[in-house]
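As structure tokens, the structure follows; a few thoughts come after it.
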Amino acid sequence: MSLESSLSQLNLLLQGQQENDGDSKRKRSWRRSLTSVIRRKRLSRPVIEKVFNDTVISDEAPPNREATPNRRLPAELCDRIVDFLHDDPYTLAACCLTCRSWVPASRHHLFYNIRLTRENVARFNLILDANVSLGLCVKVVTVDYRLQHKDFVKGVSDRFAKDCAHLEEAIKRLHNVTTLRFTEIHLDSRMTKRIALLSQSLETLEFDSLVICDRQQLAEAIYSLPRLKTLVIKGHFCGTSWTTTIPSPLRPDPPTLSHLFITLVPFGDDIQALLAPLTTSKILCMLKELTVIAYEARGLDALFAELGPALETLTIVMHRLVDPRDIRCNLAQCTNLRRIRFMASTPFLLPQRWHFYRRPPPPQPTWVAKFLSQISTDSVRSVAIAFDPNQRTGLPDLSWVEEMALPLSRPEFKELNTVAFQITSIRYERQLRDYIRRELPELCERDIVTIRSLPLRRADRERDLVFI
Numbered sequence: 000m001s002l003e004s005s006l007s008q009l010n011l012l013l014q015g016q017q018e019n020d021g022d023s024k025r026k027r028s029w030r031r032s033l034t035s036v037i038r039r040k041r042l043s044r045p046v047i048e049k050v051f052n053d054t055v056i057s058d059e060a061p062p063n064r065e066a067t068p069n070r071r072l073p074a075e076l077c078d079r080i081v082d083f084l085h086d087d088p089y090t091l092a093a094c095c096l097t098c099r100s101w102v103p104a105s106r107h108h109l110f111y112n113i114r115l116t117r118e119n120v121a122r123f124n125l126i127l128d129a130n131v132s133l134g135l136c137v138k139v140v141t142v143d144y145r146l147q148h149k150d151f152v153k154g155v156s157d158r159f160a161k162d163c164a165h166l167e168e169a170i171k172r173l174h175n176v177t178t179l180r181f182t183e184i185h186l187d188s189r190m191t192k193r194i195a196l197l198s199q200s201l202e203t204l205e206f207d208s209l210v211i212c213d214r215q216q217l218a219e220a221i222y223s224l225p226r227l228k229t230l231v232i233k234g235h236f237c238g239t240s241w242t243t244t245i246p247s248p249l250r251p252d253p254p255t256l257s258h259l260f261i262t263l264v265p266f267g268d269d270i271q272a273l274l275a276p277l278t279t280s281k282i283l284c285m286l287k288e289l290t291v292i293a294y295e296a297r298g299l300d301a302l303f304a305e306l307g308p309a310l311e312t313l314t315i316v317m318h319r320l321v322d323p324r325d326i327r328c329n330l331a332q333c334t335n336l337r338r339i340r341f342m343a344s345t346p347f348l349l350p351q352r353w354h355f356y357r358r359p360p361p362p363q364p365t366w367v368a369k370f371l372s373q374i375s376t377d378s379v380r381s382v383a384i385a386f387d388p389n390q391r392t393g394l395p396d397l398s399w400v401e402e403m404a405l406p407l408s409r410p411e412f413k414e415l416n417t418v419a420f421q422i423t424s425i426r427y428e429r430q431l432r433d434y435i436r437r438e439l440p441e442l443c444e445r446d447i448v449t450i451r452s453l454p455l456r457r458a459d460r461e462r463d464l465v466f467i
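So the sequence shown is residues 0 to 467, counted in numbering that gives the first Met the number 0.
Right, here's the structure in full:
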């Protein structure tokens, strides 16, 4: 029911109010219905009062329906409301049901980010059949095709193949997609061809729980996207069938990736298999930003050896139990490296082979000092470290802060202008600041130390990152 029709019905209802006092209850019911309509639009109180003041709602008899002017919200106000609700699709959808004229203006927000599952992909194709122009409004697509255990062993079932056919039909109609996310995807030759359908617009490709049947297909998927800027690989499982990745002379130039987010899980030699498509395509040497979540330090040396002079930001997330003796890197080839960020991972990143470890994990990352002592480039300008102290036992021993500060006095860090500490608890911020002033006066004299408290949120845990 639109706002104009509600006002018209309310004015007709109030015509016989002076003759019959029994209609007061009906008047109040219609007034409540009108208020509910306005509340569905999620307007603020001043706007609601303005709508009531501009309309004819009084105890006197209203004029005839033909003489009632057409009261409508200004178009500028409607546009501001639509833009205000860009991140609330449920409220925006309710507004579109209230007034159909809002549908053309809000479809860019409603269909900007969609999630395709095996249950709704066929229904989404029917929507595209009725409204072809909606395909131009979609910018972010999340494909949630969760595989069963039988799909890993016996192959894809007939039903799953049918759902993938519906997915391919939907992807062909989406021409402006810039971000594509996959959840528990089985990367094979058919899925690689579906990803290549978005080669003209796709800039961000994300894999969550990636199942790699053939590492050649991962390289083909990367090469088929010339506009790709960001590649995210969170967890992977390598299948049993393997082929050797051989660079083809007919293959086009690789995309110029600027950001790589990768998770290295302890699956033996599969780490090298995952890095093979990236190293052979010379993608790592062109990275500007690298984020690594590692369960252990093994395999990081091969990754850091492939980095080039274009790298500017390096973020490392490792568990506190990582042995510092396993860290081997110097980053001598990264001559433009400006920012290094260290983050201690939360306990859920603990590998299963460490469950026999009886002692509680140390609350501080002990591998940071060893990593900084091996850096041989002199271009670093900022070093940031984040840690989460135990709220029950209080602030832990801060001797590791002094150990980390020792490598910062090397000539390689003479151009360093920022050493940032980020802590999750606000009440421990002053204690950390007093310790640094007392034990590290050389850093305080350089006036490069900053301390910031940043509360830990559940959303940050789900993204496997604590800070930054």
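Beta carbons: idealized from backbone N, C-alpha and C, even for Gly. What you are looking at is a predicted structure, and each value in this text was computed from that prediction instead of being measured.
Rounded to whole angstroms, what's the CA-CA distance from residue i to residue j? Just pull it up for me.
i: residue 232; j: residue 300; result: 18 Å
i: residue 214; j: residue 196; result: 20 Å
i: residue 371; j: residue 179; result: 36 Å
i: residue 384; j: residue 218; result: 33 Å
i: residue 107; j: residue 182; result: 24 Å
i: residue 357; j: residue 295; result: Bear in mind that a pLDDT of 36 at residue 357, under 50, signals an unreliable position, so the model cannot answer this.
i: residue 115; j: residue 134; result: 14 Å
i: residue 452; j: residue 440; result: 21 Å
i: residue 226; j: residue 112; result: 20 Å
i: residue 468; j: residue 120; result: No answer is possible for residue 468: it lies beyond the span of the chain, which begins at 0 and ends at 467.
i: residue 450; j: residue 340; result: 14 Å
i: residue 162; j: residue 74; result: 42 Å
i: residue 84; j: residue 94; result: 10 Å
i: residue 481; j: residue 432; result: Because the chain spans 0 through 467 in this model, residue 481 falls outside it and cannot be assessed.
i: residue 98; j: residue 77; result: 11 Å
i: residue 145; j: residue 276; result: 25 Å
i: residue 42; j: residue 86; result: Low per-residue confidence applies at residue 42: pLDDT is 41, beneath 50, and the placement is therefore not dependable, though the value from the model is reported in the following sentence. C-alpha separation (whole angstroms): 16 Å.
i: residue 263; j: residue 132; result: 41 Å
i: residue 470; j: residue 81; result: The requested residue 470 does not occur in the structure, where the chain is confined to residues 0 to 467.
i: residue 148; j: residue 208; result: Residue placement at residue 148 cannot be trusted, given a pLDDT of 43 that sits under 50; what the coordinates show is reported in the next sentence. Near 13 Å, if we compare the C-alpha coordinates of residue 208 and residue 148.
i: residue 254; j: residue 203; result: 12 Å
i: residue 105; j: residue 125; result: 20 Å
Would you kindly check if the distance between the Cβ of residue j and the Cβ of residue i is under 8 Å?
i: residue 397; j: residue 418; result: no
i: residue 448; j: residue 415; result: no
i: residue 305; j: residue 284; result: yes
i: residue 381; j: residue 337; result: yes
i: residue 137; j: residue 176; result: yes
i: residue 292; j: residue 329; result: no
i: residue 109; j: residue 91; result: yes
i: residue 400; j: residue 434; result: yes
i: residue 127; j: residue 169; result: yes
So, under 8 Å CB-CB, residue i and residue j are touching, yes? Tell me the CB distance rounded to an integer number of Å.
i: residue 323; j: residue 366; result: 4 Å
i: residue 220; j: residue 261; result: That pair is no contact at about 15 Å.
i: residue 282; j: residue 256; result: 5 Å
i: residue 201; j: residue 224; result: 5 Å
i: residue 425; j: residue 386; result: With 8 Å as the limit, residue 425 and residue 386 do not qualify as a contact, their Cβ atoms being about 14 Å apart.
i: residue 377; j: residue 411; result: 5 Å
i: residue 173; j: residue 216; result: Residue 173 to residue 216, Cβ: 22 Å. No contact.
Need the endpoints of the alpha helix (DSSP H) that residue i sits in, please.
i: residue 141; result: Careful: residue 141 lies outside any alpha helix (DSSP H), inside the beta strand (DSSP E) at 139-143.
i: residue 108; result: 102-109
i: residue 371; result: 367-373
i: residue 398; result: 398-404
i: residue 78; result: 74-83
i: residue 120; result: 120-129
i: residue 194; result: 188-195
Hey, could you find the ends of the beta strand (DSSP E) residue i is sitting in?
i: residue 312; result: 312-317
i: residue 112; result: 112-116
i: residue 421; result: 417-422
i: residue 376; result: From DSSP, residue 376 is part of no beta strand (DSSP E); its letter is neither H nor E.
i: residue 207; result: 203-211
i: residue 442; result: It is not in any beta strand (DSSP E) - residue 442 instead sits in the alpha helix (DSSP H) that spans 440-445.
i: residue 221; result: Looking at the DSSP string, residue 221 is not in any beta strand (DSSP E); the run it does join, the alpha helix (DSSP H), is 214-222.
i: residue 382; result: 381-386
i: residue 448; result: 448-452
i: residue 184; result: Careful: residue 184 lies outside any beta strand (DSSP E) and carries neither H nor E.
i: residue 412; result: Unbroken run through residue 412: none, as it is neither H nor E.
Query raised in the report: Mind pulling the alpha helix (DSSP H) runs of 4 or more residues that sit fully within the segment 290-341?
Result: 299-304
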